[in-house]
Amino acid sequence: MAERDRRTVRDLRRGNRARVLQRLYFDGPLSRQELGPATGLSSGSISNVVAELAAEGLLQEAGIVDSDGGRPRTLLRVAPDGGLLVGIDIGETRVRVELFDLSLTELARTERLLAQHGYDVDRIVAHVRTGVADVLRDAGADPRRLLGIGIGVPGIIEREGPAGPDGRRTAVVHGQTIGWHAVPFEHLLREAVDVPPEVPFFIDNGAKTLGRAEMWFGGGRGAGTAAVALIGSGVGACVDHGDILAEDRTSLALEWGHTTVQLRGRRCRCGSIGCLEAYAGAEALRERWREAGGPLPEDADDETALAALLAAAYPPPGGPAPDRVALSLLDETAECLGAALADLINLFLPERILLGGWAGLLLGPHLLPEIRRYADAYALRHAAARTTVEMGRLGPDAVTVGAATLPLADFLTRGG
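When the sequence shown is numbered by the numbering used here, its final residue is 1105 and no position is left out of the sequence of numbers.
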């Protein structure tokens, strides 16, 4: 009985710390007087929690504001230097590694370019190992201050094996389109990356990490339900539901790129036919542009090819006439994307759909009006009228930022 009571007290204390940290992180700076109503805690509990967190270096003062006739109030915020976070985007053209403080201010970054189809697991692990070492060295950072390493990867993430001390099982990656089959990725990284053994790794689908970044800091903030599309060499999506502080919020990774948009269509690299990715992914656009006679070097990568395709379709003022073949190819891409977005609208009834990913950020400024038009045409009218289709707001670093929020979310949930 005493042990159960001790656990209950400990859990309550952790929960109170988490409520204060979360509220200050997303809505701060706030005064102690504002934290009470915001968290539902008593003034005595607020004083105790604030004192604890400040003594641990997790909170700091952020100025003073006047009050109505009373003493000035001290504002509090989460201390940016309270810990370090690493976010890693394992994309299909590069591995990007960034080091952040608790405010998600970037402290250092590095990139490793990948050769076309260069998804060898050992090479990726080596890039992560050297990338983490590089950002820690460049920032002069102590790895013992790391709260965790978050990683966004293509594919389906499953948890296998016995639970560790933190209750989590080891992440295994199934990435069919990149040739990864039940890769024990977390175990490989733990063996290779030179960080203290207590530093946790958090691995999730890249579209989910993009979605989390947009929901926390970008175009999804404030939406009850939002779908976020990641368009790169491949295509994925996630659907987020619920307020970022709600205990019942959900985030679902979707293999949206492998929904069918053309019966008896093009062969997708997953092995199926007619997938969205076979029409809208940058790798497929490169192949389609070459098949159509587009002027591309044989060794052109996805980024070079997409830039060339867009330049041909949308030349600068005073330049050559727009290439009709390029325009037709891109219109078909917009229709496929619009039809696939209509599926998301009909299935999930999102308030917002955000387009992101490096290729999505290049395509969107040119194709967004047509994508919206096709989505409206293919979706149920009432559902489409409730949904806006917009560009993501966080740019090409969104997956890396989202990956860093994985250990950040764990930190906030645990109460520091």
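Ideal Cβ positions, reconstructed from N, Cα and C, are used throughout, including at glycine.
Task: beta strand (DSSP E) segment containing Glu847, residue limits - done: As a first step, residue 847 is located in the sequence shown; it is residue number 158 there, counting from the start. Where Glu847 is concerned, the enclosing beta strand (DSSP E) stretches over 845-849.
Task: Cβ neighbours of Pro718 in the same chain (closer than 8 Å, five flanking residues each side left out) - done: Numbered from 1 along the sequence shown, position 29 holds the residue referred to as residue 718. Excluding sequence neighbours, Pro718 sits near Ala751, Gly752, Leu764, Leu765, Arg766.
Open item on the list: According to DSSP, Thr819 sits in a beta bridge with which residue or residues?
Closed with: Position 130 of the sequence shown holds residue 819. In DSSP, Thr819 forms no bridge with anything.
TODO: Check whether the stretch 1050-1070 touches the stretch 1022-1030, counting contact only when three or more Cβ pairs, one atom from each stretch, lie closer than 8 Å.
DONE: yes
Task: Same chain only: Cβ atoms within 8 Å of Val754, ignoring 5 sequence neighbours per side - done: Your numbering for residue 754 matches position 65 in the sequence shown. These residues qualify, in order along the chain: Ser720, Pro761, Arg762, Leu764.
Task: Close-in-space but distant-in-sequence residues of the same chain around Gln711 (CB under 7 Å, 5 per side omitted) - done: Working through the sequence shown from its first residue, we reach residue 711 at position 22. Around Gln711: Leu934, Leu1101.
Task: Under the three-state DSSP convention, the category Asp991 falls into - done: Locating residue 991 in the sequence shown gives position 302, where the first residue counts as 1. DSSP places Asp991 in helix when its eight states are reduced to three.
Open item on the list: Considering only the alpha carbon of each residue, which of Trp869, Ile777, Gly1084, Asp988 lies closest to Asp809?
Closed with: Working through the sequence shown from its first residue, we reach residue 809 at position 120. Closest option to Asp809, Cα to Cα, is Trp869.
Open item on the list: For the pair the stretch 926-933 and the stretch 972-979, tell me if three or more CB-CB distances fall below 8 Å.
Closed with: no
Task: Per DSSP, the bridge partner or partners of Ala918 - done: Sequence index remark: in the sequence shown, residue 918 carries index 229 (1-based). Answer by DSSP bridge pairing, in chain order: Ala926, Leu1044.
- [ ] Please go through the same chain and pick out, in chain order, the residues whose beta-carbon is closer than 7 Å to the beta-carbon of Asp991, but skip the five residues on each side of it.
- [x] What you label residue 991 is simply residue 302 of the sequence shown in a count that begins at 1. Same-chain partners within the cutoff: Thr782, Ser922, Ala971, Glu972, Arg975.
TODO: Could you tell me whether any non-hydrogen atom of the ligand SAH is closer than 8 Å to the CB of Tyr1063?
DONE: Among the components modelled here there is no ligand, and therefore nothing to report on the ligand SAH.
Task: Cutoff 9 Å: Ala918 Cβ touching any chain D Cβ - done: The chain inventory of the structure shown lacks chain D, comprising one protein chain alone.
- [ ] Using beta-carbon positions only, say whether Ala874 and Ala896 come within less than 9 Å of one another.
- [x] On the sequence shown, residue 874 is found 185 positions in, with the first residue counted as 1. On the sequence shown, residue 896 is found 207 positions in, with the first residue counted as 1. Per the sequence presented here, residue 874 reads as Phe, with Ala not at that position. For Phe874 and Ala896, no; Cβs fall outside 9 Å.
Open item on the list: Taking DSSP's pairing of strands, which residues face Asn894 in a bridge?
Closed with: Translated into positions along the sequence shown, residue 894 becomes position 205. The partner list for Asn894 (beta bridge, DSSP) reads Val842.
- [ ] Return the Cβ separation of Leu899 and Gly1045 in integer angstroms, given the expectation that the two are a contact with Cβ distance under 8 Å.
- [x] What you label residue 899 is simply residue 210 of the sequence shown in a count that begins at 1. What you label residue 1045 is simply residue 356 of the sequence shown in a count that begins at 1. Between Gly1045 and Leu899 the Cβ distance is about 5 Å, and since that is below 8 Å, they are a contact.
TODO: Give me the Cβ distance between Thr1094 and Trp945, rounded to the nearest whole Å; I'm assuming they're in contact under 8 Å.
DONE: Here residue 1094 is taken as the residue at index 405 of the sequence shown, counted from 1. Here residue 945 is taken as the residue at index 256 of the sequence shown, counted from 1. Their Cβ separation, rounded to whole angstroms, is 21 Å, which puts Thr1094 and Trp945 out of contact at 8 Å.
- [ ] Identify, in the order they occur along the chain, each residue of the same chain with its Cβ nearer than 7 Å to the Cβ of Arg708, setting aside the five sequence neighbours on each side.
- [x] As a working note, residue 708 is residue 19 in the sequence shown. Cβ within range, chain order: Thr728, Leu730.
- [ ] Classify Ala871 as helix, strand or coil using the three-state DSSP reduction.
- [x] As a working note, residue 871 is residue 182 in the sequence shown. Correct three-state label for Ala871: strand.
Task: Close-in-space but distant-in-sequence residues of the same chain around Ile1060 (CB under 6 Å, 5 per side omitted) - done: Position 371 of the sequence shown, counted from the first residue, corresponds to residue 1060. For Ile1060, where only same-chain residues beyond five positions count, the Cβ hits under 6 Å are Ala1023, Leu1026, Gly1027.
- [ ] Just mark Gly1008 as buried or exposed, buried being the case when its beta carbon has 16 or more other beta carbons within 10 Å.
- [x] Start at 1 with the first residue of the sequence shown, and residue 1008 comes out as number 319. By the neighbour-count rule (16 or more Cβ atoms within 10 Å), Gly1008 is not buried but exposed.
TODO: Just tell me which of Ala881, Leu796, Gln951 has its CA closest to the CA of Asp811.
DONE: Taking the first residue of the sequence shown as 1, we reach residue 811 at position 122. Measuring from the Cα of Asp811, the nearest candidate turns out to be Ala881.
Task: C-alpha gap between Phe789 and Val1014, whole angstroms - done: The count along the sequence shown starts at 1 and reaches residue 789 at position 100. The count along the sequence shown starts at 1 and reaches residue 1014 at position 325. Distance between the alpha carbons of Phe789 and Val1014: 44 Å.
Open item on the list: With three or more C-beta pairs closer than 8 Å as the rule, is the stretch 793-806 touching the stretch 835-847?
Closed with: no
TODO: For Arg956, write down the residues that DSSP places opposite it in a beta bridge.
DONE: Here residue 956 corresponds to residue number 267 of the sequence shown, with the count starting at 1. BP columns for Arg956 point to Ile962.
Open item on the list: With a threshold of 7 Å on Cβ separation, who are the neighbours of Gly1105 within its own chain once the five nearest residues in sequence on each side are excluded?
Closed with: In the sequence shown, residue 1105 corresponds to position 416, counting from 1. The answer, listed in chain order, is Arg706, Leu710, Leu742, Glu745, Leu747.
Open item on the list: Determine whether the beta carbon atoms of Gly911 and Ala918 lie at a separation below 9 Å.
Closed with: Sequence index remark: in the sequence shown, residue 911 carries index 222 (1-based). Sequence index remark: in the sequence shown, residue 918 carries index 229 (1-based). No; because the gap between Cβ atoms is not below 9 Å, this pair is not in contact.
Task: CA-to-CA distance, Glu936 to Ala691, given in whole angstroms - done: Position 2 of the sequence shown, counted from the first residue, corresponds to residue 691. Position 247 of the sequence shown, counted from the first residue, corresponds to residue 936. For Ala691, the predicted model reports a pLDDT of 48, less than 50, meaning its position is unreliable; a value from the coordinates is still stated below. Approximately 28 Å between the Cα atoms of the pair.
- [ ] Assuming Arg958 contacts Gly1091 (C-beta within less than 8 Å), just tell me the rounded distance between them.
- [x] What you label residue 958 is simply residue 269 of the sequence shown in a count that begins at 1. What you label residue 1091 is simply residue 402 of the sequence shown in a count that begins at 1. With 8 Å as the limit, Arg958 and Gly1091 do not qualify as a contact, their Cβ atoms being about 24 Å apart.
TODO: Report the option in Asn1035, Asp893, Leu878 whose CA atom is closest to the CA atom of Arg848.
DONE: Position 159 of the sequence shown, counting from 1, holds the residue named residue 848. It is Asp893 whose Cα lies nearest to the Cα of Arg848.
- [ ] Apply the 10 Å Cβ neighbour rule to His816 and answer buried if 16 or more other Cβ atoms are within range, or exposed otherwise.
- [x] For the purposes of this step, residue 816 is identified with residue 127 of the sequence shown, where counting begins at 1. Its Cβ being crowded by 16 or more others within 10 Å, His816 is buried.
- [ ] Could you tell me the boundaries of the alpha helix (DSSP H) in which Ile1034 lies?
- [x] Along the sequence shown, one-based indexing puts residue 1034 at 345. Segment 1013-1037, the alpha helix (DSSP H) holding Ile1034.
Task: With 16 other Cβ atoms within 10 Å as the buried cut-off, status of Thr1089 - done: Residue 1089 sits at position 400 when you count from the first residue of the sequence shown. With 16 or more Cβ atoms within 10 Å of its Cβ, Thr1089 is classed as buried.
TODO: Leaving out five residues on either side along the sequence, give the residues of the same chain with a beta carbon under 7 Å from the beta carbon of Arg699.
DONE: Reading the sequence shown from its first residue, position 10 is the one you call residue 699. Once the five neighbours on either side are set aside, Arg699 has no close Cβ partner at all.
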